[in-house]
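Please read the structure below before turning to the comments.
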Amino acid sequence: MSDVWYFVCGSNLSKGRKQIRTGLIRCAIRAKLPDYRLVFNKKGVMDGHYGRTPVTVEMEDGSLCNEEMYVAGDEFVVPEKSPPQDYLEHTVIGANEHQLPDGYIAKSRQVAGTAEGAV
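Here you go:
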């Protein structure tokens, strides 16, 4: 069985949360997903609400890697809104665990705080 690389974002950046959901993480490497942006527009976090989508990410050395990403099904997408506080905190915890730039954390908080219904 070969490994599958997953690109994670949001609360799945938290190693603890991701491992509870999908099992042991043997290796984590920072990468970015060009032409995408962070939004909080998912209704709930139920099983079956997500599908695996192939994506090509850019590694820190500039190389490209084919990975999979969980993306919410169209029927579970809602207008952008603020995420629950615990969701945002898992996002920040994970960003710190992976030593993502301070700008990522600030942008996550900004997106969460400027969306309709901000907490």
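Our numbering applies: residue 726 is where the sequence shown begins, and numbers increase by one. All C-beta atoms in this analysis are idealised placements derived from N, C-alpha and C, irrespective of residue type, glycine included.
Option nearest residue i by Cα separation, candidates the options
i           : options            : result
residue 753 : 761, 834, 801, 739 : 739
residue 788 : 817, 756, 763      : 756
residue 772 : 797, 784, 749      : 797
residue 760 : 823, 747, 785, 780 : 780
residue 778 : 795, 810, 799      : 795
residue 838 : 783, 813, 762      : 813
Endpoints, alpha helix (DSSP H) assigned at residue i
i           : result
residue 813 : 810-822
residue 740 : 740-747
Supposed contact pair residue j and residue i - C-beta distance, whole angstroms, cut 8 Å
i           : j           : result
residue 768 : residue 801 : 5 Å
N- and C-terminal bounds of the beta strand (DSSP E) containing residue i
i           : result
residue 777 : 775-784
residue 733 : Neither: residue 733 is in no beta strand (DSSP E) and is coded neither H nor E.
Burial state of residue i, where buried means 16 or more other Cβ atoms lie within 10 Å
i           : result
residue 844 : Because residue 844 carries a pLDDT of 36, less than 50, the predicted location of this residue cannot be relied on, and no value is offered for it.
residue 727 : exposed
residue 742 : buried
Bridge partner(s) assigned by DSSP for residue i
i           : result
residue 805 : In the DSSP output, where bridge partners are listed per residue, residue 805 has none listed.
residue 789 : 783
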